[in-house]
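Going down the list, the sequences are from chains A and B.
The first sequence begins at 2 in the numbering used here and counts up one residue at a time.
The second sequence begins at 2 in the numbering used here and counts up one residue at a time.
Beta carbons are placed, not taken as given, at the ideal position from N, Cα and C, and that holds for glycine.
So the structure is just underneath, and the comments pick up after that.
Protein chains: 2
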Amino acid sequence: MKTNNKPLILVTNDDGFDAKGIESLIEVSREFGEIVVIAPDVSRSGMSHAITIKEPLRITNISENDNLTIYSTNGTPVDCVKLAINQILPKLPDLILSGINHGSNASISVIYSGTMGAVMEGCIYGIPSIGFSILDYSKNADFTASKIYARHIIRNVLKNGINKGTCLNVNIPKGLPHELKGIKVCRQTKGMWKEEFDKRTDPHKCDYFWLTGYFENLEPENDDTDEWALANKYVSIVPTIIDFTDYVAVKSLKNLENEILVK
Amino acid sequence: MKTNNKPLILVTNDDGFDAKGIESLIEVSREFGEIVVIAPDVSRSGMSHAITIKEPLRITNISENDNLTIYSTNGTPVDCVKLAINQILPKLPDLILSGINHGSNASISVIYSGTMGAVMEGCIYGIPSIGFSILDYSKNADFTASKIYARHIIRNVLKNGINKGTCLNVNIPKGLPHELKGIKVCRQTKGMWKEEFDKRTDPHKCDYFWLTGYFENLEPENDDTDEWALANKYVSIVPTIIDFTDYVAVKSLKNLENEILVK
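In structure tokens:
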């Protein structure tokens, strides 16, 4: 692999290396630097921050062109980032991009998302990392508007950087460029998935269950949230950190410390 | 399944329904209520908050005794919680317990952890949820001290509750009861896993990679962290919330909103 003065950009996703969404992201990111892609060999949606411990990982070189090398792997999106940094890239990348995911990763979906798993892993390494998702699950989603906004955000981040330890969760409404109203920087909406398992019986009379469900916004009225922005045709950006600590509760639960004496 | 006035407690883990750690947790939790266990049929470590979308889930009834019913499933720890709440339990559980995990889930390990994935899923449903982990990867780890501390914490949470939206990440040092010094309520340590892939070549001359690595504490001097507590033989409790928003950056990145005009 050649190295030069252009930014080195790692691109990954969870829909697989041949998804239309990652093709769009590669197309945009090539304007900015040298691109290395490593992405799952098949769709790995819903993998969150999972890593592969019990099986060996394999890497396949799919293609190698000027400033664009593509690999696939049997691993998760987080494995992709670990493999890239530790086995493939000649140096730490200047930027990690994940997506463009076919489907929303706003609100609580961020925690289930393989797309955002990869982004957060990049963030743990201190590398500026951005996840892009479009609110359209279709394989043939129209990425015209997404590419315009992705280009804008990538340019801004390459120029201005992001604070170490912060990454970006970008969600883009369905629609043509002129239908979108701009960008809102906002917070993660309080919401949850309500499950409705689809229970079926196989030919051997054994039950099995398909996970389905629908998203419920628990604060639809609040206009500082990503779901509000998206419902109102704005691209949402949630600056994202990986600190699960409830700092208020650290103080309020101090009583737990004083109530046990084991001798 | 009978219902009565005892608390209904859901127990799960990521090491599998027959691990020694979950046996210890079942033993302690039976003192407090009616127990339903649903846990993975095999070890599912490192599954984080992953859900199973592309394959059907199956549930196997392992055993049914007075106030203790045990199921296994082919799903992830998060799937276990979703299946329990939506398919198995007669009502929402009063408490969800996960573990006792064979190995630490302190610091950044919380994001890779299937044990804590299940706990956070319970928290999304608004149910008091606690994850327990011991700093001992051995299958035959000694859970004597862990059981004493788990009993204390479960009793406290059943009596006092936890704020909705907060769950607990409890880690327990290796050691006999008299060697542990008590409990510290603390914050998640800044740290990361440094990867060292073990590269091998199979008989067909193809390379494969095993994920290995070691944990690096990025702030070993700070005594308000879970790693400090554990290194000093305290049980650590990190109150945990699921809001990834970087609220400081929501303000500082507002400039991103004004710089794009798409017509």
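Of the candidates B/A250, B/D203 and B/V186, the residue whose Cα lies closest to the Cα of B/S237 is B/V186.
For the pair B/I97 and B/V79, the CB atoms are not nearer than the 9 Å cut-off. Within chain A, the C-beta atoms nearer than 7 Å to that of B/T167 come from D247 and A250, in chain order.
For B/I149, the enclosing alpha helix (DSSP H) has its first and last residue at T145 to N161. Remark: C-beta atoms of B/G115 and B/S46 approach each other more closely than 9 Å. Closer than 8 Å at the C-beta level to chain B, one finds these residues of the stretch 31-52 of chain A: S44, S46, G47, M48, S49, H50, A51 and I52. When only Cα atoms are considered, A/D208 and A/E35 end up about 50 Å apart. Between B/A250 and the set A/T241, A/N14 and A/K21, the nearest pair of CA atoms involves A/T241. Closest in C-alpha terms to A/I10, from the list A/Q88, A/P94, A/D67 and A/I89, comes A/P94. Counting only Cβ-Cβ distances below 8 Å, A/I101 has no contacts in chain B at all, with the closest Cβ about 16 Å away.
A/L84: member of the alpha helix (DSSP H) spanning P78 to L84, first to last residue. Within the stretch 78-112 of chain A, those residues whose Cβ lies closer than 9 Å to any Cβ of chain B are, in chain order, V79, D80, K83, L84, I86, N87, Q88, I109, V111 and I112. A/Y126 is a Cβ neighbour of A/V82, given a cutoff of 9 Å. When the five nearest sequence neighbours on each side are left out, the beta carbons in the same chain lying within less than 6 Å of the beta carbon of B/I109 are those of G192 and M193, in order along the chain. Looking at the DSSP output, A/C168 shares a beta bridge with A/T241. Residues of the stretch 211-239 of chain B with a C-beta less than 7 Å from any C-beta of chain A: W211, L212, I238 and V239, listed in chain order.
Around the beta carbon of B/H179, a 10 Å sphere encloses fewer than 16 other beta carbons of the protein chains shown; the residue is thus reported as exposed. Sequence-distant partners of B/R59 (beyond 5 residues in either direction) whose C-beta falls short of 6 Å from its own C-beta, in its chain, are N75. Look at A/H179 here: in three-state DSSP terms it is helix.
Residues are counted here when their Cβ sits less than 8 Å from a Cβ of chain B; for the stretch 119-138 of chain A these are M121, I125 and Y126, given in chain order. Annotation for A/A40: no alpha helix (DSSP H) segment contains it, though the beta strand (DSSP E) segment containing it runs E35 to P41. For a Cβ distance threshold of 8 Å, residue set P57, L58 and R59 of chain A lies close to B/Y209, ordered along the chain. At least one beta carbon of chain B lies nearer than 9 Å to the beta carbon of A/I184.
When Cβ pairs closer than 8 Å are counted between the two stretches, the stretch 99-108 of chain B is seen to touch the stretch 10-22 of chain B, the count reaching three or more. The Cβ atoms of A/A40 and A/S64 do not sit closer than 9 Å to each other.
Bounds of any beta strand (DSSP E) do not take in B/T116; it lies within the alpha helix (DSSP H) bounded by G115 to I125. Contact between A/S253 and A/I155 is ruled out by a C-beta separation of about 41 Å, above the 8 Å threshold.
Going by C-alpha positions, A/W229 is about 52 Å away from B/D203. Counting only Cβ-Cβ distances below 8 Å, B/I243 has contacts in chain A at I109, I112 and F245, in chain order.
For the 9 Å CB-CB criterion, B/V43 and B/V239 do not form a contact. Look at A/S253: its C-beta is under 9 Å from a C-beta on chain B. Using beta-carbon distances, B/K200 counts as an interface residue toward chain A, with a partner under 9 Å. Rounded to the nearest angstrom, the Cβ distance from A/I184 to A/S134 is 14 Å, too far for a contact under 8 Å. In the structure shown, B/K55 adopts coil according to DSSP, grouped into three states. Under the Cβ distance rule, A/L257 counts among the residues neighbouring chain B, one pair being separated by less than 9 Å.
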